[in-house]
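Notes to accompany the following structure.
Residue numbers (our numbering): 1 to 490.
So this is what it looks like as structure tokens:
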């Protein structure tokens, strides 16, 4: 698919230490690779173990261009759990009975929401429950009594997904290349961009059991693909009709919350306690009124508007003639400004009934500058503008500690008491609860330009993103490498 389109590749969750040129998001760290062109991504993976993934980071090419990254322990080292008998990768995807790039272009033209997908997939196959696809349903083989490590990745474009395996417990042992204190559940919930490693013991009667995933759709009135994708967990020499697992209802926020709040780091976490930058960033949708003479077919959002999205009321506009990283490195003026607000421009009841006067964001290519080595706390606050939703927020170039999350408006007087400063999970993508908040911390020890965005691709296209520009440090190993000679030009 990518051959006739511009493309870039993002190595999702890989800590690109001093190699931001290889991070991949178009117009943030590089110009896209044009059809017929090439670019070699050069980076080192260090200090990470577990499951990450890679995907296109250009238009909606990501719908089909993605894959797993498996980082095993160093030779001679072991997993922090008994070695499994088998390992499998399960990548959840999303499929349109159309060209996804055309679906995006149509939505961009109309200003409304894009058509929802027609199916979800497991390892590229929709499974038995869709017409025409049962013969290609993916099968995961197990032997009675054995333990399997299953690495689950949500590569869907626009949908959080519930995941379960009929009759089997899932023991969560890792997430996003970081080990967690094991906990057992029947259901996972992954936002796009998230990975979860689980152990399952083949301790049921030898038979065939469905592996299934379907939507967690938290936005009221937001259309979504209400189908179920399946694979089959197959005990050796069995041909029985597969059993279906119960999955939570599409709007079961309590099931999603119970899962996302169960994570704790396997070891004590070195959480930064002295904070240099205390940011409060609102996250949400918005609407932009159409100018008077705009044709109705280009104003298909409610009340003759176009959809937008923003962080702290700024809707990110990507540059076109240079990447932000090139502009930062070479000092090119006019590409971005450094006035992204660290606090909302207006304080309001974020999760209540928001005044229409606050629904319209401003467009801009605004970044927030961080000194090398500074510690950062971000309160991410969901809003009810247009509609409240659960947003999977992904930060490039960094892992971060998730200290706490909750519902309603974040209250520093009472909610800071809920912070886990001992063993909070280390992630690169946080599920920001619908009508809620989440608090993350990290140390800015990786120079470059790093986008933080909603991993629902429809939202990043509407501007739900910002960029951190992290300056070089004083030491020789604390500086951004020189741009590679084959870096694509705009």
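All C-beta atoms in this analysis are idealised placements derived from N, C-alpha and C, irrespective of residue type, glycine included.
Query raised in the report: By the 10 Å Cβ neighbour count, where 16 or more other Cβ atoms means buried, how is residue 77 classified, buried or exposed?
Result: Indexing the chain shown from 1 puts residue 77 at position 77. Counting Cβ neighbours within 10 Å, residue 77 comes out exposed, since fewer than 16 surround it.
Query - Range of the contiguous alpha helix (DSSP H) that encloses residue 461 - result: The residue given as residue 461 occupies position 461 in the chain shown. Its alpha helix (DSSP H) spans residues 457-461.
Requested in this report: Just grab the DSSP bridge partners of residue 230 for me.
Outcome: As a first step, residue 230 must be located in the chain shown, where it is residue number 230. For residue 230, which the question treats as bridged, DSSP gives the partners 212.
Query raised in the report: By a C-beta neighbour count over all protein chains shown, 10 Å radius and 16 as the cutoff for buried, is residue 218 buried or exposed?
Result: Locating residue 218 in the chain shown gives position 218, counting from the first residue. Buried: at least 16 other Cβ atoms inside 10 Å.
Report task. List the endpoints of the continuous beta strand (DSSP E) containing residue 493. Result -> The structure shown has nothing for residue 493, since the chain only spans 1 to 490.
Report task. Measuring alpha carbon to alpha carbon, tell me which of 357, 368, 381 and 442 ends up nearest residue 415. Result -> Sequence index remark: in the chain shown, residue 415 carries index 415 (1-based). Nearest option by C-alpha distance: 381.
Report task. Note down the Cα distance separating residue 275 from residue 470, rounded to an integer number of angstroms. Result -> Within the chain shown, the letter at position 275 stands for residue 275. Within the chain shown, the letter at position 470 stands for residue 470. Rounded to whole angstroms, residue 275 to residue 470 spans 16 angstroms at the Cα level.
Report task. Specify, as a first and last residue, the run of the beta strand (DSSP E) that residue 107 falls within. Result -> Working through the chain shown from its first residue, we reach residue 107 at position 107. Premise fails: residue 107 lies in the alpha helix (DSSP H), 100-110, not in any beta strand (DSSP E).
Query - Length of the line joining the Cα atoms of residue 319 and residue 9 - result: As a first step, residue 319 must be located in the chain shown, where it is residue number 319. As a first step, residue 9 must be located in the chain shown, where it is residue number 9. The straight-line gap from Cα to Cα measures roughly 18 angstroms.
**Report entry** Beta-carbon separation (whole angstroms), residue 134 vs residue 235, contact threshold 8 angstroms
**Finding:** Start at 1 with the first residue of the chain shown, and residue 134 comes out as number 134. Start at 1 with the first residue of the chain shown, and residue 235 comes out as number 235. Not a contact, Cβ separation roughly 19 angstroms.
Query - Closest by C-alpha distance to residue 395, when choosing among 430, 37, 388 and 239 - result: Indexing the chain shown from 1 puts residue 395 at position 395. Cα-wise, what sits closest to residue 395 is 430.
Query raised in the report: If we ignore side chains and look at the alpha-carbon of each, how far apart do residue 91 and residue 166 end up?
Result: Locating residue 91 in the chain shown gives position 91, where the first residue counts as 1. Locating residue 166 in the chain shown gives position 166, where the first residue counts as 1. Near 18 angstroms, if we compare the C-alpha coordinates of residue 166 and residue 91.
Query - Pair within 9 angstroms by beta-carbon distance, residue 493 and residue 124 - result: Residue 493 lies beyond the range of the chain shown here (1 to 490); nothing can be said about it.
Query raised in the report: Going by Cα to Cα distance, which pick from 207, 487 and 107 is closest to residue 237?
Result: Mapped onto the chain shown, residue 237 falls at position 237. For residue 237, the closest of 207, 487 and 107 by C-alpha to C-alpha distance is 207.
Query raised in the report: Using DSSP with H/G/I as helix, E/B as strand and the rest coil, what is residue 74?
Result: Residue 74 sits at position 74 when you count from the first residue of the chain shown. Note: residue 74 maps to coil in three-state DSSP.
Query raised in the report: Rounded to whole angstroms, how far is the Cβ of residue 89 from the Cβ of residue 52, which I believe are closer than 8 angstroms?
Result: Position 89 of the chain shown, counted from the start, is the residue given in the question as residue 89. Position 52 of the chain shown, counted from the start, is the residue given in the question as residue 52. So it is not a contact: roughly 12 angstroms between Cβ atoms.
Report task. May I have the straight-line CA-CA distance separating residue 74 from residue 46, to the nearest angstrom? Result -> Along the chain shown, one-based indexing puts residue 74 at 74. Along the chain shown, one-based indexing puts residue 46 at 46. Residue 74 and residue 46: Cα-Cα distance of roughly 10 angstroms.
Query raised in the report: alpha helix (DSSP H) containing residue 325: first to last residue?
Result: Residue mapping note: residue 325 aligns to position 325 of the chain shown, counting from 1. First-last of the alpha helix (DSSP H) with residue 325: 324-330.
Query - Where the alpha helix (DSSP H) containing residue 257 begins and where it ends - result: Locating residue 257 in the chain shown gives position 257, counting from the first residue. Segment 253-260, the alpha helix (DSSP H) holding residue 257.
Query - CA-to-CA distance, residue 82 to residue 557, given in whole angstroms - result: Any answer about residue 557 is impossible in this case: the structure gives the chain only from 1 up to 490.
Query raised in the report: Taking Cβ to Cβ, would you say residue 229 is nearer than 9 angstroms to residue 66?
Result: Within the chain shown, residue 229 is the residue found at index 229, counting from 1. Within the chain shown, residue 66 is the residue found at index 66, counting from 1. It is not a contact, given that the beta carbons lie outside the stated cut-off.
**Report entry** Where the alpha helix (DSSP H) containing residue 412 begins and where it ends
**Finding:** Taking the first residue of the chain shown as 1, we reach residue 412 at position 412. It spans 412-415 - the alpha helix (DSSP H) in which residue 412 sits, taken as one unbroken run.
Query - Element boundaries [beta strand (DSSP E), containing residue 277] - result: Against the chain shown, residue 277 aligns to sequence position 277. Element bounds for residue 277: 277-289.
Report task. Going by CA-CA distance only, name the one from 351, 33, 195 and 214 that's closest to residue 118. Result -> If you number the chain shown from 1, residue 118 lands on position 118. Minimum Cα distance to residue 118 is reached at 214.
Query raised in the report: Is it true that the CB of residue 190 sits closer than 9 angstroms to the CB of residue 494?
Result: The requested residue 494 is not part of the displayed model; the chain covers only 1 to 490.
Query raised in the report: Alpha carbon to alpha carbon, how far is residue 367 from residue 360?
Result: Taking the chain shown and counting its residues from 1, one reaches residue 367 at position 367. Taking the chain shown and counting its residues from 1, one reaches residue 360 at position 360. Roughly 20 angstroms between the two C-alpha positions.
**Report entry** Neighbour-count burial assignment, residue 132, 16 or more Cβ in a 10 Å radius
**Finding:** Taking the first residue of the chain shown as position 1, residue 132 is located at position 132. Residue 132 should be labelled exposed.
Query raised in the report: Considering only the beta carbon of each residue, do residue 459 and residue 279 sit closer than 9 angstroms?
Result: The sequence position of residue 459 within the chain shown is 459, counting from 1. The sequence position of residue 279 within the chain shown is 279, counting from 1. No, they are not a contact pair.
Query raised in the report: Would residue 400 be called buried (16 or more neighbouring beta carbons within 10 Å of its own) or exposed?
Result: Position 400 of the chain shown holds residue 400. So residue 400 ends up on the buried side.
Query raised in the report: Near residue 407, what residues of its chain come up, given a Cβ to Cβ distance below 7 angstroms and the 5 sequence neighbours on each side ignored?
Result: By 1-based counting over the chain shown, the position of residue 407 is 407. Here the set comprises 433, 435 and 436.
Query raised in the report: Any heavy atom of the ligand COA closer than 8 angstroms to the Cβ of residue 267?
Result: Of the ligands one can find in the structure shown there are none, so the ligand COA has no counterpart to examine.
Query raised in the report: With DSSP run on the structure shown, which of helix, strand or coil describes residue 358?
Result: Walking along the chain shown from the start, residue 358 turns up at place 358. Residue state, collapsed to three classes: helix.
Query raised in the report: Going by C-alpha distance, which of 383, 371 and 98 is nearest residue 352?
Result: Walking along the chain shown from the start, residue 352 turns up at place 352. Selected option, being the one with the closest Cα: 383.
**Report entry** Where the beta strand (DSSP E) through residue 466 begins and ends
**Finding:** The count along the chain shown starts at 1 and reaches residue 466 at position 466. It spans 465-470 - the beta strand (DSSP E) in which residue 466 sits, taken as one unbroken run.
Query raised in the report: Can you give the beta carbon distance from residue 529 to residue 231, rounded, assuming they're within the 8 angstroms contact cut?
Result: Past the edges of the chain, shown from 1 to 490, lies residue 529, and the structure says nothing about it.
Query raised in the report: What is the DSSP secondary structure of residue 134, counted as helix, strand or coil?
Result: Position 134 of the chain shown holds residue 134. Helix, per DSSP.
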